[in-house]
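Below: the structure, in structure tokens.
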Amino acid sequence: MRALLAAMVCVLAVQGCSGGPMGFDDSSPVYLEDVEWTDDGLIYFIREQGFDGHPELWRKRADGAATKMLAEVPRVCDVGRGYLEFVTTSSAGQPAVGVSCSDGRTTVYAFDATTKRVTPLVALEDARRVTIGPRPDDGYMLQGAHPCTRVMPFRAGALVESDLSVQAAAGSWRLRDGYNGTPDCASAGDVGVPVWSRRGGFVAFLVSSTPLTAGRKPGMSSDGYVWNVAVIRDQSSTVDLVGPAITDANALAVSPDATQMAVGTEESILLIDVRTGVSRPVPGEAGAYDLAFSPDGRQLLCTGTDKKSMRTIAVA
Numbered sequence: 035m036r037a038l039l040a041a042m043v044c045v046l047a048v049q050g051c052s053g054g055p056m057g058f059d060d061s062s063p064v065y066l067e068d069v070e071w072t073d074d075g076l077i078y079f080i081r082e083q084g085f086d087g088h089p090e091l092w093r094k095r096a097d098g099a100a101t102k103m104l105a106e107v108p109r110v111c112d113v114g115r116g117y118l119e120f121v122t123t124s125s126a127g128q129p130a131v132g133v134s135c136s137d138g139r140t141t142v143y144a145f146d147a148t149t150k151r152v153t154p155l156v157a158l159e160d161a162r163r164v165t166i167g168p169r170p171d172d173g174y175m176l177q178g179a180h181p182c183t184r185v186m187p188f189r190a191g192a193l194v195e196s197d198l199s200v201q202a203a204a205g206s207w208r209l210r211d212g213y214n215g216t217p218d219c220a221s222a223g224d225v226g227v228p229v230w231s232r233r234g235g236f237v238a239f240l241v242s243s244t245p246l247t248a249g250r251k252p253g254m255s256s257d258g259y260v261w262n263v264a265v266i267r268d269q270s271s272t273v274d275l276v277g278p279a280i281t282d283a284n285a286l287a288v289s290p291d292a293t294q295m296a297v298g299t300e301e302s303i304l305l306i307d308v309r310t311g312v313s314r315p316v317p318g319e320a321g322a323y324d325l326a327f328s329p330d331g332r333q334l335l336c337t338g339t340d341k342k343s344m345r346t347i348a349v350a
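Numbered according to the working numbering, the sequence shown spans residues 35 to 350.
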């Protein structure tokens, strides 16, 4: 389930890394996550205040104040209330939210910002993050139950039992083996943050290239584990590693033209050329927990590694 953190908000303006507030009360403890920058220039993210267990969907323009858009989706769970797990973007460029229930079911809904209505797209089991592909019921999901996770494709709303393998320092491991419904992991690696490139025809995600002890998951930003960006192109049967090995990777984003990817670490932001794998750091930038490219690909929206702040930076 979503970790609940208490933090004093310090929200930075959208001019580089400094400036005035973006519409939040600086005295309110908040938690910011899952940023999305849609084609119409609007920014969506999940906001949670303190430890209340009620994540909300918020929206803002790049140069404006933030507004709450959605607090919950009623009558979606057989038992108890559903809560917002993540925000993503549909194949049509529309914001979509994942709503999780206590039984482990997660339903992804398209969100209409004008009417504030939601339309179900796909229901999945134990989805922690979803990226939607060419159709609204196709894509990839990050599925997990402590201490294990896996990235798996779904087609026509159903999970596909893929045999995709990742080459690691100590042999290969299968993406589907990272989660087996028991306290122990069969996998020798870890995965996270799937991102579909709508114009590039590939899905990218992070994989750990350091073998893990069975049953132990280090977390996306702890213990100095080494990560790579992995790419599956055109639903192929192979997983390609692109770019350098990266320590303490947290976040991943693909540019709108699918030519570069951005990786946020604990201390920096790295840009990687999709075709060549050549990488370069964004000068003078601290790390990021979540990333999203602007519609023109010239800026990155970042949340800080402490999840307390949000900023935009120029990358072109």
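Every residue gets a Cβ at the ideal spot worked out from N, C-alpha and C, and that includes glycine. For clarity, every value in this text was computed on a predicted model and none was experimentally measured.
My output table needs one value for residue i: the three-state DSSP class, helix, strand or coil.
i	result
LEU118	strand
ARG210	helix
LYS102	strand
VAL113	coil
VAL45	The predicted model places VAL45 with a pLDDT of 31, which falls under 50 and marks its position as unreliable; any figure quoted below should be read in that light. Note: VAL45 maps to coil in three-state DSSP.
CYS135	coil
VAL107	coil
PRO187	strand
PRO154	strand
VAL142	strand
SER231	strand
PRO129	strand
VAL349	coil
THR149	coil
ASP73	coil
LYS251	In this predicted model, LYS251 has a pLDDT of only 45, less than 50, meaning its place in the structure is not dependable enough to derive any value.
ARG169	coil
Using DSSP bridges, identify the partner residues of residue i.
i	result
VAL241	VAL225 and ASN262
GLU195	GLU195 is not bridged to any residue.
PRO89	DSSP lists no partner for PRO89.
ARG163	LEU176
THR123	PRO129
ARG81	LEU66 and GLU90
How big is the Cα-Cα spacing for residue i and residue j?
i	j	result
PHE145	VAL316	33 Å
VAL276	MET186	19 Å
ALA192	ASP172	8 Å
ASP291	VAL308	10 Å
VAL265	GLY321	22 Å
SER136	LEU118	12 Å
MET103	LEU240	30 Å
GLN83	LYS342	11 Å
GLY57	VAL64	Since pLDDT at GLY57 reaches only 41, below the 50 mark, its modelled position is unreliable, and no value is offered.
THR346	ALA279	25 Å
ALA238	ASP112	34 Å
VAL142	GLY132	4 Å
VAL194	TYR174	10 Å
ALA96	VAL349	15 Å
TYR78	ALA296	18 Å
ASP211	GLY98	44 Å
PRO228	VAL200	15 Å
GLU319	GLY114	42 Å
VAL156	SER302	35 Å
VAL121	ALA287	14 Å
ARG232	THR165	10 Å
LEU176	GLU300	21 Å
SER52	LEU335	For SER52, the pLDDT reaches just 29, beneath the cut-off of 50, and the residue's location in the model is therefore unreliable, although a value from the coordinates is still provided. Taking the straight line from one Cα to the other gives about 13 Å.
LEU183	LEU209	Leu is not the amino acid found at residue 183; the sequence shown has Thr there. Roughly 9 Å separates the two Cα atoms.
ARG267	GLY338	30 Å
GLY380	VAL263	The question about residue 380 has no answer here: the residues shown for the chain are numbered 35 through 350.
GLY125	THR281	According to the sequence as given, residue 125 is Ser; it is not Gly. Distance between the alpha carbons of SER125 and THR281 is about 31 Å.
With respect to 8 Å, is the separation between the Cβ of residue i and the closest non-hydrogen atom of the ligand SAM below this value?
i	result
VAL64	Ligands displayed in this structure: none; no statement on the ligand SAM is therefore possible.
Is the segment 314–334 in contact with the segment 67–87, if contact means three or more CB pairs nearer than 8 Å?
Because the criterion of three Cβ pairs below 8 Å is met, the segment 314–334 and the segment 67–87 touch.
Whole runs of the beta strand (DSSP E) within the segment 253–341, excluding any shorter than 3 residues
Taken in chain order, the whole beta strand (DSSP E) runs of length 3 or more contained in the segment 253–341 are 260–267, 274–281, 283–288, 294–299, 303–307, 313–315, 324–327 and 333–337.
Are three or more beta carbon pairs between the segment 158–173 and the segment 100–110 nearer than 8 Å?
No contact exists between the segment 158–173 and the segment 100–110.
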